[in-house]
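Line by line, the protein sequences give chains A and B. My numbering applies: residue 1 is where the first sequence begins, and numbers increase by one. My numbering applies: residue 1001 is where the second sequence begins, and numbers increase by one. Here a beta-carbon is modelled for each residue, glycine too, at the ideal position from N, C-alpha and C. This structure is a prediction, so every number in the text was calculated from the model and none was measured. See structure below.
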Amino acid sequence: MSSTTDAATGVKPQVAAKMIPIFVMGKKYEVPDSLTIMKAIEYAGYKYIRGCGCRGGVCGACSTVYRKPGDYKIYTGLACQTVVEPNMYLTQLPFYPAIRATYNFEDLQGRPEEIYELYPEVFRCVACNACTKVCPMDVQVMDYIAAIKRGDIKAAAEISFDCIQCGLCASRCFAETPQYHIAQLARRLNGAYLTPRAEHLATMVANIEAGRYKTGLEELKAMNAETLRKTYQERELEPATAGDDWTPKDTRYL
Amino acid sequence: MKIGYYPGCTLKTKARNLEESALAALKVLGVEAVELPRWNCCGAVYSLADDDLIHLIAPVRDLIRARESGHDTLLTLCSMCYNTLARANDIMKNDAEKAKTINMFMDEEPDYDGSVKVVHMLDFMRDQYGWDKLKEKVKVPLNGFKVGPYYGCTLLRPKEVALDKVDRPIIFREFMETLGAEVIDYPMATQCCGSYQVLGAPDITLKISHDIIRDALAHGAEALALTCPLCDFNLGKRQDLMIGKFDGAKDMPAFYFTQLLAVALGLPVEACHFDLNRSSALGILKQKGLIKEASAA
Ligand code: FES
């Protein structure tokens, strides 16, 4: 069988995929150079049971560590997002033990001391920055730990916002801290206790609960597809140039 | 006048009275203290093990941040931060071999050569701002207020980073005199308060701290001026444990030097966060007529 013909369609692609060697847990495989690490591993014959979730770069299940020949650096990436490189030496790290403290969230008030009590090891941080260096999401991990050490929960929540909890930071931590769990607590505290309440949301929820939109919804539900489509197409839109004082013709739901 | 500023962690929480009074005062003095946009805990305690380079990483990283932000000088308020940063800087400047190892380890940062000058608010006032200029700005001279400046260890030791003569320092006296205070010298002003040993040996530390306060009292001090949150813990907050335990122990108001500066500059008490001091601090200022009763609420 010609390696350049698609087995299913018999079509020869314009550009043949170049095959490159990669090393999965020390064993060499030839894989097409356009694949992500995840697809390459599957191409090589492995089947994912763990270490794969969303395939879209958001679940953090597929963290991968690799090295390149002639380079002392440790590289990391999400297997589902990172394209293979010739001669990369890799292994996936789908799980890394990291203790998550147990707390009753309702009992907390959003004070930094609460984080210190649950995760006293945060003060073991020596700012080595190994965590930031391995973060596949480019989160400034060390900086959010620094923020927590000085009691700035809000900054920690903001800096850690892109964290997908893959755990690579914890795997490299000189101080043995579970950074991503600590950051999650910081974001929770920030969201629940330190961020101002959205007053309009409470009003809206109260309106909904009082049945304000019930009739409208029932009307829509009773429509047949045709009328529904028509209603949708003819709906009144706020003009792009509308000023602050613009109101729709139908004021029933304001 | 503009200067890079490293706050330190404790100044953002338990010692806000140190930071906020200093920043308010600097503003009045026309000094713009620019907080580093990124900084981490300096480690607070300088590691004495000669080959313990890992604990130099944190302070050196802060110095690199200062460099990156274009500052030649880095201002500190806390004497422990001062000591840790200045000593790390000293290594980077004068110990080529260690500097090389540290720079190699921090390969994600630009190399650093110790070229930032680390200063403490006290030597900044003396060397860069000037006592005379400061004196002109004093609105409420602390006349008749007998203050015992407490140096502790980290402003004066080791001599590479000492703000003044290690055995006969006068910088703190000069500062307090400029503010109009009557300065009380006492032999134990440069003794260690026990520092972080309070964690491992709380009783011994309490005794040491009490000896310092007793010495200051015996020489006529009505209050202590401090530069460090840990000294404030030992010499201020822990007084509650001394009173009743040691013969003759009595309440001694303890201030951060920057609070006394703010008072002398005539800043409103709100700038000083006296709620984080012993209650006697506010009391004695009122008694001396240095702050207005009304705004003290
Ligand atoms: S599988 Fe979800 S991030 Fe890769």
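| query | So with Cβ pairs under 7 Å, would you call Asn-1017/B a contact of chain A? | reply | no
Taking the beta carbon of Ser-160/A as the centre, do at least 16 other beta carbons fall within 10 Å, making it buried, or is it exposed? buried
Opening and closing residue of the beta strand (DSSP E) in which Ser-63/A lies: 63-67
| Who are the near neighbours of Gln-165/A in its chain, counting only those whose CB is closer than 6 Å to its CB and skipping five residues on each side? | Gly-60 and Tyr-180
| request: Find the nearest neighbour of Leu-1074/B within the set Arg-1065/B, Leu-1053/B, Tyr-1005/B and Ser-1195/B, judged by alpha-carbon distance. | output: Tyr-1005/B
### Task
Output yes if chain B places a C-beta closer than 7 Å to the C-beta of Met-1/A; else output no.
Interpretation of Met-1/A is limited by its pLDDT of 44, a score under 50 that renders its predicted location unreliable; the figure taken from the coordinates is listed afterwards. For Met-1/A, the answer is no, since every Cβ of chain B falls outside 7 Å of its Cβ.
**Asked** Roughly how many whole angstroms lie between the Cα atoms of Glu-30/A and Arg-1061/B?
**Response** 42 Å
| When the cut-off is 7 Å and only beta carbons count, does Lys-1100/B lie next to chain A? | no
message = Contact criterion: CB-CB distance below 7 Å. Does Gly-167/A meet it with respect to chain B?
response = no
Which of helix, strand or coil DSSP assigns to Phe-1172/B: helix
Interface residues of chain A facing Gly-1114/B [CB-CB closer than 8 Å] = Going along chain A, no residue has its Cβ under 8 Å from Gly-1114/B, so there is no contact; the nearest lies around 18 Å.
Query raised in the report: With respect to the alpha helix (DSSP H) encompassing Gly-260/A, which residues constitute its N-terminal and C-terminal limits?
Result: Past the edges of chain A, shown from 1 to 254, lies residue 260/A, and the structure says nothing about it.
| If you compare alpha carbons, which of Thr-1205/B, Arg-1238/B, Lys-1137/B and Asp-1127/B is closest to Ile-1171/B? | Asp-1127/B
- Message: Using only CA atoms, which one of Glu-176/A, Leu-185/A, Val-15/A and Glu-106/A lies nearest to Ala-156/A?
- Response: Leu-185/A
Next item on the list: Express the C-alpha separation of Val-1166/B and Lys-1093/B in angstroms, rounding to a whole number.
Entry: 22 Å
>> Please list, in chain order, the chain A residues whose beta carbon lies closer than 7 Å to that of Lys-1012/B.
In response: Arg-150, Gly-151 and Asp-152
Next item on the list: Could you check what DSSP says for Leu-1276/B in three-state terms: helix, strand or coil?
Entry: helix
(request) Express the C-alpha separation of Gln-1239/B and Asp-1251/B in angstroms, rounding to a whole number. (result) 7 Å
My understanding is that Thr-1190/B touches Leu-1156/B, with C-beta atoms under 8 Å, so please give their C-beta distance in whole angstroms.
6 Å
Exercise. In chain E, which residues lie less than 8 Å from Met-142/A when you measure between Cβ atoms?
Worked result: The question asks about chain E, but that chain is absent: this structure's protein chains are A and B.
Which same chain residues end up closer than 7 Å to Tyr-103/A when comparing Cβ atoms and leaving out the 5 residues on each side of it in sequence?
Leu-118
Check your understanding: What whole-angstrom Cβ distance do Leu-1021/B and Ala-1225/B have, given they're in contact under 8 Å?
Key -> Looking at the sequence provided, one finds Ser at residue 1021/B rather than Leu. No, Ser-1021/B and Ala-1225/B are not in contact; Cβ-Cβ is about 12 Å, not under 8 Å.
Could you tell me the distance, in whole angstroms, from the CA atom of Leu-108/A to the CA atom of Glu-114/A? 7 Å
Indicate whether at least one CB of chain B lies closer than 7 Å to the CB of Cys-163/A.
no
Once DSSP output is grouped into helix, strand and coil, what is the label at Thr-76/A? strand
Neighbourhood of Arg-1379/B by C-beta distance below 8 Å, restricted to the same chain and skipping five residues each side:
Residue 1379/B cannot be examined here, being either before or after the span of chain B that is shown, 1001 to 1297.
Determine whether the Cβ of Ala-1096/B lies closer than 7 Å to any Cβ atom of chain A.
no
Please go through the stretch 1061-1135 of chain B and give each complete beta strand (DSSP E) segment of 3 or more residues, from N-terminal end onward.
1073-1076 and 1117-1120
Indicate, with yes or no, if the ligand FES has a heavy atom lying under 6 Å from the CB of Ala-186/A.
no
**OP:** Quick one: give me the first and last residue of the beta strand (DSSP E) that Gly-1200/B is part of.
**Re:** That residue, Gly-1200/B, is in no beta strand (DSSP E); its alpha helix (DSSP H) goes 1197-1200.
Same chain only: Cβ atoms within 6 Å of Ser-1295/B, ignoring 5 sequence neighbours per side: Low per-residue confidence applies at Ser-1295/B: pLDDT is 48, beneath 50, and the placement is therefore not dependable, though the value from the model is reported in the following sentence. Excluding residues within five positions, the ones whose Cβ falls inside 6 Å are Pro-1268 and Val-1269.
**Prompt:** Hey, out of Glu-238/A, Asp-250/A, Lys-28/A and Met-137/A, whose CA is closest to Thr-76/A's CA?
**Reply:** Met-137/A
>> With a threshold of 7 Å between beta carbons, is Val-139/A in contact with chain B?
In response: no
Go ahead and pull the three-state DSSP assignment for Ala-1297/B. Low local confidence applies: a pLDDT of 42 at Ala-1297/B is under 50, so the model's placement there is unreliable, and no value is given.
Exercise for the section: Starting from the Cα of Val-1031/B, find the closest Cα among Asn-1040/B, Cys-1041/B, Asn-1089/B and Met-1125/B and give me that residue. Expected result: Met-1125/B
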